[in-house]
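>
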Ligand code: ADP
Ligand code: MG
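In the numbering used here, the protein residues as written are 38 to 283.
#1: Looking only at its chain, what residues have a beta carbon closer than 8 Å to the beta carbon of residue 187, apart from the 5 residues adjacent to it on each side?
#2: Do the CB positions of residue 91 and residue 107 come within less than 8 Å of each other?
#3: How big is the Cα-Cα spacing for residue 79 and residue 259?
#4: Below 6 Å CB to CB, which residues in the same chain sit around residue 183 once its five sequence neighbours on both sides are set aside?
#5: Is residue 83 near the ligand MG, judged by its Cβ being under 7 Å from some heavy atom?
#6: Can you confirm whether the region 91-105 touches the region 131-145 when touching is taken to mean that 3 or more C-beta pairs between the two stretches lie within less than 8 Å?
#7: In this structure, what does DSSP give as the bridge partners for residue 106?
#8: Is there contact here, the region 218-236 with the region 46-58, by at least three beta-carbon pairs under 8 Å?
#9: Expressed to the nearest angstrom, what Euclidean distance is found between the alpha-carbon atoms of residue 140 and residue 162?
#10: Given this structure, state the Cα-to-Cα distance separating residue 196 from residue 171, to the nearest angstrom.
#11: Nearest by alpha-carbon distance to residue 269: which of 252, 204, 279 is it?
#12: Just list the alpha helix (DSSP H) runs in the region 214-256, keeping only unbroken ones of 4 residues or longer that don't cross its boundaries, in chain order.
#13: My assumption, with CB atoms under 8 Å, is that residue 237 sits in contact with residue 66. Please give the rounded CB distance.
#14: In terms of residue numbering, what span does the beta strand (DSSP E) encompassing residue 172 cover?
#15: Could you tell me the alpha carbon to alpha carbon distance between residue 48 and residue 63, rounded to whole angstroms?
#16: Taking residue 68 as the reference, which of 82, 84, 45 has the closest Cα?
#17: Compare the beta carbon distance of residue 129 and residue 175 with 8 Å and say whether it is the shorter of the two.
#18: By the 10 Å Cβ neighbour count, where 16 or more other Cβ atoms means buried, how is residue 266 classified, buried or exposed?
#19: Determine the burial state of residue 205: buried for a count of at least 16 other Cβ atoms within 10 Å of its Cβ, exposed for fewer.
#20: Compute the beta-carbon to beta-carbon distance between residue 264 and residue 249, rounded to the nearest angstrom, for a pair I have assumed lies under 8 Å.
#21: Apart from the five residues just before and just after residue 111, which ones in its own chain have a Cβ nearer than 7 Å to its Cβ?
#22: Would the beta-carbon of residue 280 fall within 8 Å of that of residue 243?
#23: What are the start and end residues of the beta strand (DSSP E) that includes residue 56?
#24: How is the alpha helix (DSSP H) around residue 265 delimited, first residue to last?
#25: Would the beta-carbon of residue 163 be found less than 7 Å away from any heavy atom of the ligand MG?
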């Protein structure tokens, strides 16, 4: 039986001027799985994330999503195809309530696809509250987004990302700057979200993602270094060397 690949890159190279941040990276990601991309600082993780989300077109190589070549398309076309990324804080409107932020994201999605012929504000409200419940934020629905704690803003970001019902959810360092407590609840939330869809996490804290990932990919100096189940990665000598050498 062949595995179901949701997104793949073929020989992706990305340069910034004379500097090569990614070199010939070819990776396939399985549908329905939680895959984490790890690697030391500067490994090229965020650059790769931006290639997957369409923000950075590859200098060479291709990005194929559900069998369709998206290389060279604009970020909004990646988003319409069903790829949603979380953790651009700019998605949040600080002076709107938590619930309004989700309603705005829902409205943008339903108007694009004309899903509801007549969208009552009550329908929007209900759906927004459902998403806020999913991310454990329903009790903060009426608070202004700017008043939320850092961890809560990031949970709201996930609700906003889910509003477009994406096929693939990308998250770059979702627990950056979080307290240990916030980190634990974000990890729980990611596991819960990943139960229903494909998630790719980008992270440099290896320990943190060991327990929750189906598969781990390691980048180093812009190149693919290793891939495998968490236990394989943990015991991989090359990976250990890279992390110890940090
Ligand atoms: P990571 O997320 O793994 O820490 P990045 O993908 O952010 O690594 O960066 C990889 C390398 O590419 C770094 O050396 C970084 O300085 C460089 N880089 C990233 N983005 C840019 C950019 N926009 N312009 C120039 N160099 C960049
Ligand atoms: Mg990064």
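Positions of the beta carbon are idealized from the N, C-alpha and C atoms, including for glycine.
From a predicted model like this one, the values you see are computed outputs, not experimental measurements.
So, from the data block:
#1: For the purposes of this step, residue 187 is taken as residue 150 along the chain shown, with counting starting at 1. The residues are 214, 215, 219.
#2: Here residue 91 refers to the residue found at position 54 when the chain shown is read from its first residue. Here residue 107 refers to the residue found at position 70 when the chain shown is read from its first residue. Yes.
#3: Against the chain shown, residue 79 aligns to sequence position 42. Against the chain shown, residue 259 aligns to sequence position 222. The straight-line gap from Cα to Cα measures roughly 8 Å.
#4: Within the chain shown, numbered from 1, the residue matching residue 183 stands at position 146. Once the five neighbours on either side are set aside, the close Cβ partners of residue 183 are 131.
#5: The count along the chain shown starts at 1 and reaches residue 83 at position 46. Residue 83 Cβ: within cutoff of the ligand MG.
#6: Short answer: they don't touch.
#7: The residue given as residue 106 occupies position 69 in the chain shown. Answer is 101, bridged to residue 106.
#8: no
#9: The residue you call residue 140 lines up with position 103 of the chain shown. The residue you call residue 162 lines up with position 125 of the chain shown. Cα to Cα, the separation comes out at about 7 Å.
#10: For this step, residue 196 is matched to residue 159 along the chain shown. For this step, residue 171 is matched to residue 134 along the chain shown. The straight-line gap from Cα to Cα measures roughly 8 Å.
#11: Taking the first residue of the chain shown as 1, we reach residue 269 at position 232. Out of 252, 204, 279, 252 has the C-alpha closest to the C-alpha of residue 269.
#12: Those alpha helix (DSSP H) runs which fall completely within the region 214-256 and span 4+ residues are 217-231, 243-247.
#13: Here residue 237 refers to the residue found at position 200 when the chain shown is read from its first residue. Here residue 66 refers to the residue found at position 29 when the chain shown is read from its first residue. The pair is a contact, with the Cβ atoms about 6 Å apart (cut-off 8 Å).
#14: Residue 172 sits at position 135 when you count from the first residue of the chain shown. Here residue 172 belongs to no beta strand (DSSP E), and DSSP marks it neither H nor E.
#15: As a first step, residue 48 is located in the chain shown; it is residue number 11 there, counting from the start. As a first step, residue 63 is located in the chain shown; it is residue number 26 there, counting from the start. Approximately 5 Å, taken between the alpha carbons.
#16: On the chain shown, position 31 is the one that residue 68 refers to. The shortest C-alpha separation from residue 68 is found at 45.
#17: The residue given as residue 129 occupies position 92 in the chain shown. The residue given as residue 175 occupies position 138 in the chain shown. For residue 129 and residue 175, no; Cβs fall outside 8 Å.
#18: Along the chain shown, read from residue 1 onward, the residue named residue 266 stands at position 229. By the neighbour-count rule (16 or more Cβ atoms within 10 Å), residue 266 is not buried but exposed.
#19: Looking up residue 205 in the chain shown gives position 168. Buried, since its Cβ has 16 or more Cβ neighbours within 10 Å.
#20: On the chain shown, residue 264 is found 227 positions in, with the first residue counted as 1. On the chain shown, residue 249 is found 212 positions in, with the first residue counted as 1. The Cβ separation is near 17 Å, so there is no contact.
#21: The count along the chain shown starts at 1 and reaches residue 111 at position 74. Answer for residue 111: 91, listed in chain order.
#22: Indexing the chain shown from 1 puts residue 280 at position 243. Indexing the chain shown from 1 puts residue 243 at position 206. Yes; because the gap between Cβ atoms is below 8 Å, this pair is in contact.
#23: Position 19 of the chain shown, counting from 1, holds the residue named residue 56. Note, residue 56: beta strand (DSSP E), 56-67.
#24: What you label residue 265 is simply residue 228 of the chain shown in a count that begins at 1. From DSSP, residue 265 is part of no alpha helix (DSSP H) but of the beta strand (DSSP E) over 260-265.
#25: Here residue 163 is taken as the residue at index 126 of the chain shown, counted from 1. Checking every heavy atom of the ligand MG against the Cβ of residue 163, none is found closer than 7 Å.
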